[in-house]
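First residue of the sequence shown? That's 843 in our numbering, and the numbers climb one at a time after it.
For glycine and all other residues, C-beta sits at the position ideal for the given N, C-alpha and C.
See structure below.
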Amino acid sequence: MSKTWTQCLNTLKDTIPLAQYSVWVQPLKALEDGQTLSLLAPNTQVKDYINKNLKSQIKSAVAQHNKQLKIFIGVSPNVDQKPSAYKPQATPLFEDYTFDNLVLGNANQMAYGATKQIAENIKGSPYNPFIIYGGSGLGKTHLMQAAGHLAKTKNPNLKVLYVPLMDFVRNITSSLRHNTIEDIKLFYQSADLLLVDDIHLIAGKEKSQEEFFHIFNFLFNGKKQIIFTCDQPPKNIKSLEERLKTRFSQGLNLHLTPPELEMRAAILLKKAQDQKININLNEDVALFIAGHITSNVRDLEGALLKLKAFVDFSKMDSTMISKEVVEAALGDLIKPAIKNIDVNDIQKEVAKHYALTVSDLSSKSRKQHTVLARQMAIYICHELSALSLNKIGKQFGNRDHSTVIHAINKIKDKLLESKETKDDYDLIKLKLANL
Ligand code: ADP
Ligand code: MG
């Protein structure tokens, strides 16, 4: 094996999606003679794919490690290149995607429990197919693969096939070209547990849908477990055959939602201890980051990596990660904390936002719109000013401290329930941060 290529593989592993990396890049054989790095594909299909889709990434990885080397991409002479030798590829499970590495919280409790139960009892589960759906970066692939790992631990002879949907489509396309569609079907039908990742991508791909329907029925009738992930409830997928929708909705469909604050902080704390990151976070700082990065787990991981790079490159003592360090490291991801803002400024911004006057906020008016604005202003004063509840009440027409608490609780609830209120709140805060 060429030394340069071994280094390149490490780079490519981080720049190319895992599925693509393991299916197309890993099988390449590399020979190096000081001037040329020859990358030999097992067949022309792989060679063509590399030339078309991955050549530029490979080129820049090679240039990073050895600028002088020319690259030649060919087919390995030792391997049978007849089209009929084309074999579908299964993607290995990602080692880290186990139940042990998953943090449990409200957001994934149901899905976690169901997945575990299914994996522990793969042959007798009533939940077939099982579909985990939700937005990107929320842990669908991780959870699905955790089922694969656990099922395999319980029963090492079990055949677990993990298939990112686009690999399935690619396999179908190639097998049509090579006239090996039956082989492909047999391959997938040999699974005891079939894990199909991102099934929504099958939308609009008619031939793949047709073949998938047969494979699905075969496995389902043979009482083999099938697990899917999807970015939305399958019944909502456009351009998906009705018969597939019907099959999918026969099973258990569970929603994975974004993690709540404490879960996000717990994920940060767990990942910070991971060997790959290995930085010292305390709970306060984790909560601080989690308070700002609310979208999904992948973004939390991105933030941790950025923080790690900052700590490593600035050669600071990694036991000293404070909120200020986090602000410096994460820049735009963490908007500067706004504190001690004057109550008058808050009242002005809130009144302006709701097209009211400042005195409306202190008035006795019970109009719904005015009440909402008043409660919002009180909530933000509580959050950003240094005033006590009593003093805040005084600033809003001498209201007492229980009214202030009531207002705070109202907005707290509304921020969770109403996107409109959340948008109002974010916008006002943004304005206050930029005063
Ligand atoms: P999805 O498939 O929903 O887009 P992934 O399964 O790829 O998301 O997850 C994105 C990243 O977040 C992965 O690195 C995964 O390990 C991590 N992750 C997601 N949920 C959790 C969790 N509950 N605990 C720990 N890590 C998680
Ligand atoms: Mg995924």
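- DSSP, reduced to helix, strand and coil, places residue 916 within a strand of the structure shown.
- Taking C-beta atoms under 8 Å as the contact rule, residue 1042 and residue 1073 qualify, at a distance of about 5 Å.
- Cβ contact annotation for residue 1241 (same chain, cutoff 7 Å, sequence separation greater than five): 1235, in chain order.
- Counting along the chain, residue 1039 sits inside the beta strand (DSSP E) bounded by residues 1035 to 1039.
- Between residue 863 and residue 854, the C-beta gap is smaller than 8 Å, which places the two residues in contact.
- Along the region 1044 to 1091, the beta strand (DSSP E) occurs as fully enclosed runs of 3 or more residues at 1067 to 1072, listed in sequence order.
- Counting only the Cα atoms, residue 986 lies some 29 Å from residue 1018.
- With a cut-off of 8 Å on Cβ pairs, the region 1068 to 1085 is not in contact with the region 907 to 914, counting fewer than three such pairs.
- In the structure shown, residue 937 falls within a coil segment according to DSSP collapsed to helix, strand and coil.
- Check the Cα spacing between residue 1153 and each of 1169, 888, 1138: the tightest is with 1169.
- Straight across, the Cα-Cα distance linking residue 1115 with residue 1123 is about 8 Å.
- At a threshold of 7 Å, residue 938 does not count as near the ligand MG, since its beta carbon sits no closer than that to any of the ligand's heavy atoms.
- Here the alpha carbons of residue 1063 and residue 1055 stand approximately 12 Å from one another.
- In this structure, the beta-carbon distance from residue 1231 to residue 1243 falls below 8 Å.
- Checking the 7 Å criterion, the Cβ of residue 978 is within range of a heavy atom belonging to the ligand ADP.
- Residue 979 and residue 1030 have their C-alpha atoms some 27 Å from each other.
- Using a cutoff of 7 Å, the CB of residue 1040 counts as near the ligand MG, since one of the ligand's heavy atoms is closer than that.
- When C-alpha distances from residue 1000 are compared across 1023, 962, 1113, 1214, the shortest belongs to 962.
- In its chain, beyond the 5 residues on either side, 1000, 1001, 1066 have a beta carbon closer than 6 Å to the beta carbon of residue 1034.
- Two segments are said to touch when three or more pairs of C-beta atoms, one from each, lie closer than 8 Å; by this definition the region 963 to 974 touches the region 1087 to 1100.
- Residue 883 sits in a strand when the DSSP states are folded into three classes.
- Contact between residue 990 and residue 1037 holds: their C-beta atoms lie close to 6 Å from each other, under 8 Å.
- The Cβ atoms of residue 1050 and residue 887 do not sit closer than 8 Å to each other.
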